[in-house]
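Note sheet for the following structure.
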Ligand code: SAM
Ligand code: SF4
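Numbering (the numbering used here), first residue to last: 66 to 399.
Given below as structure tokens:
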């Protein structure tokens, strides 16, 4: 039997960036109504094609893995709403060359399902928790589920999911007074929490104008309080992480509006219907689905992914108020 050899990340663009990481959306559907994302809740758009099947997803990931991509994050919409989630996770984790399977979730039913996620091969979870105040959590998400989500975080760790992090979208006038509470929480539970700057999308422009707060403000506050910035590891994600000499947890900041944010980009995205998005804020996705219909198409798939990736733009255009064709992040997978 020939043992397949997988290249070190060979997928690259014209700006010298290499791509090792795929964010794969499993569905646009979400049950939450986060004020910055889907404030009116998910609305079905008539005439849209179905989500990729398990077989299509397996072929897609096999194509990327042949190009040296080794990490996949399942996202959405809300990935836990996808009926075949466990089957998909098992299929992706089993693709030769895939070494890490992660998922980003709003924590829906996490407490009861964490063990199944771990068994299916999900080794890392990011759970969105925008406030530690139950009433505020309800106002932001439309759901009175803070305790349930935090129970899910505990269950995920107990189930042996090695990396469990919290994501918190930073919003001026909404949760920017919670830094102290978040700091105490991460220290108490030895957790990493990342603040994400709210990003402008086509649907949330007015919200963005009212509530955007640069990550640099949180960074200054952390530094004043004795938190120390950690060295960025090679190949690390976009978060700048801090720890405190007297504490156990970590706080990260993801600041897409910071200078040079895009220079270290190492990720590509595929929507739930099989469109490749070279950037979260690009003009459109490019269809890969016609090349996911049989295992024999893998060479053509690899050729298309390689050619398209080479054309990735150097940076997003958010600074000029241009969010590309992205109505909200649930449509591509955040
Ligand atoms: N539903 C899952 C969740 O909320 O974790 C996964 C999908 S969600 C689109 C992925 C991440 O994007 C979440 O952490 C969410 O808070 C973040 N997000 C969504 N819209 C955003 C925006 N406009 N700016 C910054 N982060 C956003
Ligand atoms: Fe749903 Fe996640 Fe968007 Fe909130 S951020 S509405 S949980 S997709």
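Every residue gets a Cβ at the ideal spot worked out from N, C-alpha and C, and that includes glycine.
Contact under 7 Å by Cβ, residue i with residue j
i	j	result
residue 226	residue 258	no
residue 84	residue 290	no
residue 232	residue 261	yes
residue 113	residue 139	no
residue 206	residue 388	no
residue 424	residue 214	Nothing can be reported for residue 424: it is not among the residues displayed for the chain, which extend from 66 to 399.
residue 357	residue 177	no
residue 195	residue 137	no
residue 166	residue 200	no
residue 20	residue 303	For the chain, the structure presents residues 66 to 399; residue 20 sits outside this window and is missing.
residue 93	residue 337	yes
Own chain, CB closer than 7 Å to residue i, minus 5 neighbours either side, in chain order
i	result
residue 327	379, 380 and 381
residue 203	209
residue 301	none
residue 352	339 and 340
residue 392	266, 267 and 268
residue 174	145
residue 272	100 and 101
residue 82	330 and 331
Which listed residue (the options) has its alpha carbon closest to that of residue i
i	options	result
residue 107	187, 113 and 98	98
residue 243	321, 354, 316 and 384	316
residue 151	96, 280 and 91	91
residue 305	313, 312, 311 and 329	329
residue 277	321, 117 and 130	321
residue 75	104, 368 and 155	368
residue 193	141, 127 and 224	141
residue 311	188, 125, 111 and 293	293
residue 89	100, 126, 110 and 81	126
residue 237	303, 250 and 281	281
residue 159	279, 274 and 119	119
residue 264	93, 386 and 81	386
Spatial neighbours of residue i in its chain, beta-carbon cut-off 6 Å, leaving aside the 5 residues before and after
i	result
residue 66	Because the pLDDT at residue 66 is just 49, under 50, the model does not fix this residue reliably, and the point stays unresolved.
residue 313	252 and 255
residue 124	357
residue 86	136, 331 and 332
residue 247	258
residue 390	348 and 349
residue 377	78 and 343
Sequence-distant residues of the same chain with beta carbon closer than 8 Å to residue i, five excluded per side
i	result
residue 375	77, 78 and 79
residue 384	322
residue 95	102, 103, 106, 107, 141, 142, 143, 146, 171 and 395
residue 155	185 and 186
residue 164	135 and 136
residue 372	none
**Q.** By C-beta, the residues closer than 7 Å to any heavy atom of ligand 2, given in chain order
**A.** Qualifying residues come out as 95, 97, 98, 99, 102, 103, 141, 142, 143, 171, 193, 206, 393, 394, 395 and 399.
Q.
Using 8 Å as the cut-off, can you tell me whether the stretch 346-357 makes contact with the stretch 281-290, which would need three or more C-beta pairs spanning the two stretches below that distance?
A. In short, these stretches do not touch, since the Cβ pair count stays below three.
Q.
Is it the case that the stretch 360-367 contacts the stretch 389-399, given that we only count it when at least three CB pairs across the two stretches are under 8 Å?
A. Because the criterion of three Cβ pairs below 8 Å is not met, the stretch 389-399 and the stretch 360-367 do not touch.
Q: Would you check if the stretch 173-182 and the stretch 124-132 touch, i.e. whether three or more CB-CB distances between them fall below 8 Å?
A: Cβ pair count under 8 Å is below three, so no.
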